[in-house]
Amino acid sequence: MALVQFYHESRYLKGNQQVWIILPDLAKDKTPKEFYGSGKKYKVLWLLHGTFGDASDWVRKSNVELYAIERDLIVVMPSALNSNYSNWDGYMMGYSMFDYLIEELMPIVYGWFPASNKREDNFIAGLSMGARGCIKYAVNFPEKFAGAAALSQIPTNLSNMTEEDFQGDDPFASRLRTSVINAGGLEKYVNSEENTWKIVDMLAGTGKLPKLFFACGKEDMLYQNYTNFKAHAKEIGLDAEFLEIEGLKHEWRFWDQALEKALDYFQIEKHEVSII
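All the letters of the sequence shown, read from the start, carry residue numbers 3 to 278 under the numbering used here.
Next up, the structure:
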């Protein structure tokens, strides 16, 4: 595959932004003129990293390039700091990560790369924090994605949230606490795009949601949350696929396997790869 390390000045993030993009490589049975001049538009996977990660994570720690080769797939991997893929109006000059992907990165990718902008050709996935972002984009913009894969994460249930839920000194409590402040208070936060559990409840059974894929390792610290949501999904009639893998936890061995299973579930076809 061709791997692009792309930097651009972002209007939504108020600074230079790093994006890694995997592009289909020159086919062995075509000339460069035939291949690059074909005008073909490829399917796109928007792939999101977790807390403490960046755009390079998936390429360095998984087999995503191999999966992209096998499926003629463009993979777009943005950097998101530890933003939870949320808008942070109070961060320095502003850091609107939630808006960035939809309002800026998508137009860049569709306009400058051979990427299809059709809903049926676009998929989104992520791990942990990236899975939280994946769910948020999928349920708030279901018209943009044919499928969404949340690995080691479930929809966020804020409906019964109180101030006691975000007390503490650990980084995750701190992020939640500042998220609430950034949203303008607890009530506004609970009634925002962040309350994805509520949005899933509203859209279940409407046919509007993308194909949903949830996966968790059975040794993951979040496994009980996952099983709770799986039971809830059955209660509300949510059409979704669920995958658990024995012996694996919150780790790259799990996320790598689960990503390939998600691509199979989305029926992104494989083709024979020539190495000669």
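For every residue, glycine included, the Cβ atom is placed at its ideal position computed from N, Cα and C. Computed from a predicted structure; not experimentally measured.
Assumed close pair A217, L240 - CB separation to whole angstroms, cut-off 8 Å: By one-based count along the sequence shown, residue 217 stands at place 215. By one-based count along the sequence shown, residue 240 stands at place 238. Not a contact, Cβ separation roughly 15 Å.
Cβ contact check for the stretch 109 to 128 and the stretch 76 to 96: 3 or more pairs under 8 Å: Flag = yes, the stretch 109 to 128 and the stretch 76 to 96 touch.
Cut-off 8 Å between Cβ atoms - residues of its own chain near M223, not counting five sequence neighbours on either side: Taking the first residue of the sequence shown as 1, we reach residue 223 at position 221. Hits under 8 Å: K251 and H252.
Contacts around L188, its chain only, beta-carbon distance under 6 Å, and the 5 residues preceding and following it disregarded: Your numbering for residue 188 matches position 186 in the sequence shown. Only residues of its own chain outside the window of five on either side were considered, and among them V182 have a CB closer than 6 Å to the CB of L188, listed in chain order.
Closest Cα partner of G41 within the set E246, Y112, F100 and R179: For the purposes of this step, residue 41 is taken as the residue at position 39 of the sequence shown. Taking only the C-alpha atoms, the option nearest G41 is Y112.
Buried/exposed call for K210, threshold 16 Cβ in 10 Å: Within the sequence shown, the letter at position 208 stands for residue 210. When all chains shown are included, K210 counts as exposed.
Nearest candidate by alpha-carbon position, reference Y14, set D27, D56, I110 and H234: Looking up residue 14 in the sequence shown gives position 12. Restricting attention to D27, D56, I110 and H234, the CA atom closest to the CA of Y14 is found in I110.
Closest by C-alpha distance to M94, when choosing among W48, F244, G17 and K213: Start at 1 with the first residue of the sequence shown, and residue 94 comes out as number 92. Taking only the C-alpha atoms, the option nearest M94 is G17.
At least 3 beta-carbon pairs within less than 8 Å: the stretch 83 to 103 vs the stretch 228 to 236: Flag = no, the stretch 83 to 103 and the stretch 228 to 236 do not touch.
Simplified DSSP state of W135, which is helix, strand or coil: The count along the sequence shown starts at 1 and reaches residue 135 at position 133. The question names Trp, but residue 135 in the sequence shown is Gly. Helix at G135.
Run of the alpha helix (DSSP H) containing I104, from where it starts to where it stops: For the purposes of this step, residue 104 is identified with residue 102 of the sequence shown, where counting begins at 1. Looking at the DSSP string, I104 is not in any alpha helix (DSSP H), and its letter there is neither H nor E.
Beta-carbon proximity list for E106, same chain, < 7 Å, skipping 5 on both sides: By 1-based counting over the sequence shown, the position of residue 106 is 104. Once the five neighbours on either side are set aside, the close Cβ partners of E106 are S12, R13 and Y14.
Three-state secondary structure assigned by DSSP to S181: Translated into positions along the sequence shown, residue 181 becomes position 179. Helix at S181.
Backbone CA spacing between A1 and V66 [nearest angstrom]: No answer is possible for residue 1: the residues shown for the chain start at 3 and end at 278.
DSSP three-state assignment for F147, whether helix, strand or coil: The residue you call residue 147 lines up with position 145 of the sequence shown. Residue state, collapsed to three classes: coil.
Three-state secondary structure (DSSP) of A57: Taking the sequence shown and counting its residues from 1, the one referred to as residue 57 is at position 55. Three-state result, A57: coil.
Coarse secondary structure for S12, derived from DSSP in three states: On the sequence shown, residue 12 is found 10 positions in, with the first residue counted as 1. When DSSP states are grouped into helix, strand and coil, S12 belongs to the strand group.
Ordered list of beta strand (DSSP E) runs contained in the stretch 243 to 270, each at least 3 residues: Entirely contained in the stretch 243 to 270, not one beta strand (DSSP E) run reaches 3 residues.
Between the CA atoms of G52 and A264 - distance to the nearest angstrom: Locating residue 264 in the sequence shown gives position 262, counting from the first residue. Locating residue 52 in the sequence shown gives position 50, counting from the first residue. Each residue's alpha carbon lies about 17 Å from the other.
Beta-carbon proximity of L129 to L153, cut-off 8 Å: Position 127 of the sequence shown, counted from the first residue, corresponds to residue 129. Position 151 of the sequence shown, counted from the first residue, corresponds to residue 153. Yes, they are a contact pair.
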